[in-house]
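Here the structure comes first, spelled out in structure tokens, and everything after it is commentary.
2 protein chains.
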Amino acid sequence: MHFAAALPLQSGRSIRGYDLSFETYGQLNAARSNAVLVCHALNASHHVAGVYAGQDKSEGWWHSMIGPGKAVDTDRFFVIGVNNLGSCFGSTGPMHINPDTGRVYGADFPVVTVEDWVDAQARLLDALGIRTLAAVMGGSLGGMQALGWALQYPERLRHAVLVASAPNLTAENIAFNEVARRAIVTDPDFHAGHFYAHGVLPKRGLRIARMIGHITYLSDDVMNEKFGRQLRDAAMGDYKYSTQEVEFQIESYLRYQGDKFADYFDANTYLLITRALDYFDPARNYGGDLSLALARAQAKFLLVSFSTDWRFAPARSREIVRALLDNRRDLSYAEIDAPHGHDAFLLDDPRYLGVVRSYFEGIGREMELVP
Amino acid sequence: MHFAAALPLQSGRSIRGYDLSFETYGQLNAARSNAVLVCHALNASHHVAGVYAGQDKSEGWWHSMIGPGKAVDTDRFFVIGVNNLGSCFGSTGPMHINPDTGRVYGADFPVVTVEDWVDAQARLLDALGIRTLAAVMGGSLGGMQALGWALQYPERLRHAVLVASAPNLTAENIAFNEVARRAIVTDPDFHAGHFYAHGVLPKRGLRIARMIGHITYLSDDVMNEKFGRQLRDAAMGDYKYSTQEVEFQIESYLRYQGDKFADYFDANTYLLITRALDYFDPARNYGGDLSLALARAQAKFLLVSFSTDWRFAPARSREIVRALLDNRRDLSYAEIDAPHGHDAFLLDDPRYLGVVRSYFEGIGREMELVP
Chain A
1231 MHFAAALPLQ
1241 SGRSIRGYDL
1251 SFETYGQLNA
1261 ARSNAVLVCH
1271 ALNASHHVAG
1281 VYAGQDKSEG
1291 WWHSMIGPGK
1301 AVDTDRFFVI
1311 GVNNLGSCFG
1321 STGPMHINPD
1331 TGRVYGADFP
1341 VVTVEDWVDA
1351 QARLLDALGI
1361 RTLAAVMGGS
1371 LGGMQALGWA
1381 LQYPERLRHA
1391 VLVASAPNLT
1401 AENIAFNEVA
1411 RRAIVTDPDF
1421 HAGHFYAHGV
1431 LPKRGLRIAR
1441 MIGHITYLSD
1451 DVMNEKFGRQ
1461 LRDAAMGDYK
1471 YSTQEVEFQI
1481 ESYLRYQGDK
1491 FADYFDANTY
1501 LLITRALDYF
1511 DPARNYGGDL
1521 SLALARAQAK
1531 FLLVSFSTDW
1541 RFAPARSREI
1551 VRALLDNRRD
1561 LSYAEIDAPH
1571 GHDAFLLDDP
1581 RYLGVVRSYF
1591 EGIGREMELV
1601 P
Chain B
1231 MHFAAALPLQ
1241 SGRSIRGYDL
1251 SFETYGQLNA
1261 ARSNAVLVCH
1271 ALNASHHVAG
1281 VYAGQDKSEG
1291 WWHSMIGPGK
1301 AVDTDRFFVI
1311 GVNNLGSCFG
1321 STGPMHINPD
1331 TGRVYGADFP
1341 VVTVEDWVDA
1351 QARLLDALGI
1361 RTLAAVMGGS
1371 LGGMQALGWA
1381 LQYPERLRHA
1391 VLVASAPNLT
1401 AENIAFNEVA
1411 RRAIVTDPDF
1421 HAGHFYAHGV
1431 LPKRGLRIAR
1441 MIGHITYLSD
1451 DVMNEKFGRQ
1461 LRDAAMGDYK
1471 YSTQEVEFQI
1481 ESYLRYQGDK
1491 FADYFDANTY
1501 LLITRALDYF
1511 DPARNYGGDL
1521 SLALARAQAK
1531 FLLVSFSTDW
1541 RFAPARSREI
1551 VRALLDNRRD
1561 LSYAEIDAPH
1571 GHDAFLLDDP
1581 RYLGVVRSYF
1591 EGIGREMELV
1601 P
């Protein structure tokens, strides 16, 4: 969908003449009340569920969660996935033409925040004729957007579902983002963010960024279980005694993930989205008091965290829970004992999916939605 | 000290005509029985204690631990610090001339292991006329060398002191090493490890490697306490809305650490030492059974770990403790409640230093050493 009118951004800049890519699943009911907005995290897109005809391995990133008869049942709910501004999966981003200059944005794409994304999503809903959402949901950075919705448009959502999320990044979270950004920015092929014009991609930096990311998505436990100290060429028996060859399975896995990512992800998008993560901090304008910051929220909340997630640890979700309780908000909280670290929010864990299913069944009953 | 004879290495290669830099503190007694060998970790050297005359900030890396009247009292013990082969602080390493080719080693420097370092240290002690050590001690990778000593030369040491150490690296530990190595190796200035000949240094890669390292040395807690979400230019009030400028204090700190490190540390040394860490695994030849592997050890042990160290967590020290107990070895173990993460082993924590002091006082009594 094209938006001609300029969107004012938190930075004071604005963006005009932009597109948002989105997908929908299920049917909007006559009352236009059954819509569920799904917000994506760092490297995902509007393609949250289903498969593309004739394309193998094209499952949406929350395919295990969303679909007919699934936890978020598209026989009952109208689900909307939207690719955020600045991303690289169809919505306007750094690789597109800046209408003000006629040149590719590159590093000149304005810095966008979680709050900006929420504003852009709200305009999309306006255009779709949807005033009130049954729910906004997301994992990780997507959960931050759901929280942003509850604060920016408190009257436009009934429920906010935050999975593996946090009220802001810790210093360590910011540190990992910063190292990844430095790897990209100092890659000689980055060309100050205008690499498109040079016909190159800063793949070295993207690979390093993705390898760092992957380490933080997994738990130490699951890494030890999946890879441990296994050698890649175990049949050799002994080490290769090499500093550069792949020796351990975990090295092979990380290099593969890095290579794959560098082939499809935009470097400027990586910078923008990690910065949006860094900047999100609703308590900031309330002297760091999250309870004060969340006083505006009217939605009911479901929060889910995972025991081995050290990127957005359960303690971070509990901060939100406490702040909501301080405001006597209606909330459910589930801490799932799962070995998979932060990645668990994307995986097919029956207890996790059961919690979400039961919550959405409750929304259905409350709203008297019939499949 | 120069060593003309070739040292056979675990890889099957050997190295000849090499030098080891070392420092000593205190006096070797007449019985030659009061020597304590101190082994260094990734980026340290033989300069473990004391200051160089006329040089500000030249304290040895374990200056708070070792010296006259300190926990390891050099009025009583003869302390030896040695720079390992392949390092970049005086001992023969990748930036030196390979006597076989007449050219700088660079990436051709042989891969050295913890076991190789222990062998080289043993030869140094032979040359110094020291048959038996009162103790071998080290933190982190240095602790692995102390453990290596107990297994390779069980009759040559009375005590092994392992601080913040581990019996091997986990998959996550290896993963962080691998990302750091890839950052270095893929830096265009690395030139396949022969950058010396090109008059350049792979500083981009070294900076990234060091930034990653620093994150893993600190605990999430101490990072939040020291840096939290503080802005570097807090007086500005608002964010800069920039992906590349320094916004948060933690970014400034990491960039500074990266820059400093890239100015003095050798890239090939970084690869070699992280690989030595990856490879160390005494249980490997015993089907993964650490208790079997440690059956050879005769020394008495002190192990110390720190509660917030997530790089070499207390659980890893406890694995060694259990394996030693299975072998009915004499050991002391202290788990220090300290907020500083892995870095705690270098810091001036009174409980930590108290434990080491008391242990070395015990050695002094046992050996009837008088100051």
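From first to last, the protein sequence lines stand for chains A and B. Take 1231 as the starting number for the first sequence in our numbering and just add one per residue. Take 1231 as the starting number for the second sequence in our numbering and just add one per residue. Backbone N, C-alpha and C fix where the C-beta goes; we use that ideal spot for every residue, glycine too.
| query | result |
| --- | --- |
| Contact under 8 Å by Cβ, PHE1252 (chain A) with GLY1311 (chain A) | yes |
| Segments assigned beta strand (DSSP E), at least 3 residues, entirely inside the segment 1303-1359 of chain A | 1308-1312 |
| Test item: CB-CB of GLU1306 (chain A) and ALA1529 (chain A) under 8 Å | The sequence given here places Arg at residue 1306 (chain A); Glu does not occur at that position. No, the pair does not count as a contact, with Cβ atoms beyond the cut-off. |
| Cross-chain neighbours of ASN1328 (chain A) in chain B, by beta carbon under 8 Å | Ordered by position in chain B, no residue passes the 8 Å Cβ test against ASN1328 (chain A), which lies about 16 Å from the chain. |
| ILE1245 (chain B) - partner residues in DSSP beta bridges | B:LEU1237 |
| MET1295 (chain B) vs LEU1583 (chain B) beta-carbon contact at 8 Å | yes |
| Helix, strand or coil at ARG1444 (chain A) according to DSSP, with G and I counted as helix | According to the sequence shown, residue 1444 (chain A) is His rather than Arg. Of the three classes helix, strand and coil, the one that applies to HIS1444 (chain A) here is helix, per DSSP. |
| Touching by the beta-carbon criterion (3+ pairs, under 8 Å), the segment 1373-1382 of chain B and the segment 1454-1466 of chain A | no |
| N-terminal and C-terminal residue of the alpha helix (DSSP H) that ARG1411 (chain B) is part of | 1401-1415 |
| ALA1497 (chain A) - containing alpha helix (DSSP H), residue span | 1497-1509 |
| Bridge-paired residues (DSSP) for SER1562 (chain B) | B:LEU1532 |
| HIS1572 (chain B), DSSP secondary structure in three states | helix |
| Under 8 Å by beta carbon: chain B residues contacting LEU1501 (chain A) | THR1473 and GLN1474 |
| Cα-Cα separation, ASP1560 (chain A) to THR1499 (chain A) | 36 Å |
| Straight-line Cα distance separating ILE1480 (chain B) from ALA1465 (chain B) | 17 Å |
| Distance CB(ALA1394 (chain A))-CB(SER1537 (chain A)) smaller than 8 Å | no |
| Below-8 Å beta-carbon distance, ILE1296 (chain A) vs any chain B residue | no |
| Beta-carbon proximity check, ALA1279 (chain A) vs TYR1255 (chain A), cutoff 8 Å | yes |
| Buried or exposed by the 16-neighbour rule on C-beta atoms within 10 Å, applied to TYR1469 (chain A) | buried |
| Assumed close pair VAL1452 (chain A), PRO1569 (chain A) - CB separation to whole angstroms, cut-off 8 Å | 5 Å |
| Nearest residue (CA-CA) to LEU1554 (chain B), options B:MET1231, B:TRP1347, B:ILE1327 and B:PRO1397 | B:PRO1397 |
| Given ARG1333 (chain A) as reference, the closest of A:LEU1237, A:TYR1426, A:GLY1316 and A:SER1321 once Cα atoms are compared | A:TYR1426 |
| CB-CB length for ALA1271 (chain B) against SER1370 (chain B), believed under 8 Å | 4 Å |
| ALA1274 (chain B) in three-state terms, based on DSSP | coil |
| Any C-beta of chain B under 8 Å from that of GLU1549 (chain A) | no |
| C-alpha distance - HIS1232 (chain A) paired with LEU1354 (chain A), whole-angstrom precision | 9 Å |
| ILE1310 (chain A) at chain B interface by Cβ criterion, 8 Å | no |
| Straight-line Cα distance separating GLN1460 (chain A) from GLN1257 (chain A) | 49 Å |
| SER1449 (chain B) versus ARG1546 (chain A): straight-line alpha-carbon distance, rounded | 16 Å |
| 3 or more residues per run - each beta strand (DSSP E) lying fully within the segment 1467-1497 of chain B | none |
| Near-chain B residues of the segment 1389-1402 of chain A - C-beta to any C-beta below 7 Å | ASN1398, THR1400, ALA1401 and GLU1402 |
| Backbone secondary structure at HIS1421 (chain A) - three-state DSSP | helix |
| Cβ of PHE1478 (chain B) within 8 Å of any chain A Cβ | yes |
| Coil, strand or helix - GLY1297 (chain A) by DSSP | strand |
| TYR1447 (chain A) and ASP1573 (chain A) closer than 8 Å at C-beta | yes |
| TYR1426 (chain A) in three-state terms, based on DSSP | helix |
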